[in-house]
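Notes for the one structure printed next.
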Amino acid sequence: MLECNNDIRKNKSNNYVTFKEKTINPKKYYVKPNTGIFMPQSSNDVIIAMQWHKEAPLYM
5 MLECNNDIRK
15 NKSNNYVTFK
25 EKTINPKKYY
35 VKPNTGIFMP
45 QSSNDVIIAM
55 QWHKEAPLYM
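The sequence shown begins at 5 in this note's numbering and counts up by one.
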């Protein structure tokens, strides 16, 4: 698995925030955690990763 992005999501409000990440192609992309609750005034890491290609994509 190739880690493409380590995204930090921030909740700058004084309220709880829920989230759910969905991928277009779950066999190719992996998001962890894909659901959760952000506490007020907090930040969380979200990992977005991609499976390795067996061959180079045609569009490259």
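All C-beta atoms, glycine included, are put in the ideal place defined by N, C-alpha and C.
Nearest-angstrom beta carbon gap, residue j and residue i [assumed within contact, 8 angstroms]
i: Q55; j: K32; result: 5 angstroms
i: E59; j: N38; result: Wrong, their Cβ atoms sit about 27 angstroms apart, outside the cutoff.
Three-state secondary structure (DSSP) of residue i
i: S46; result: strand
i: I28; result: coil
i: K16; result: coil
i: A60; result: coil
Through-space distance from residue j to residue i, alpha-carbon basis
i: P20; j: R13; result: Here residue 20 is Tyr; the residue named in the question, Pro, does not match the sequence. Answer to the nearest angstrom: the Cα atoms are 13 angstroms apart.
i: N15; j: T27; result: 22 angstroms
i: S47; j: Y34; result: 20 angstroms
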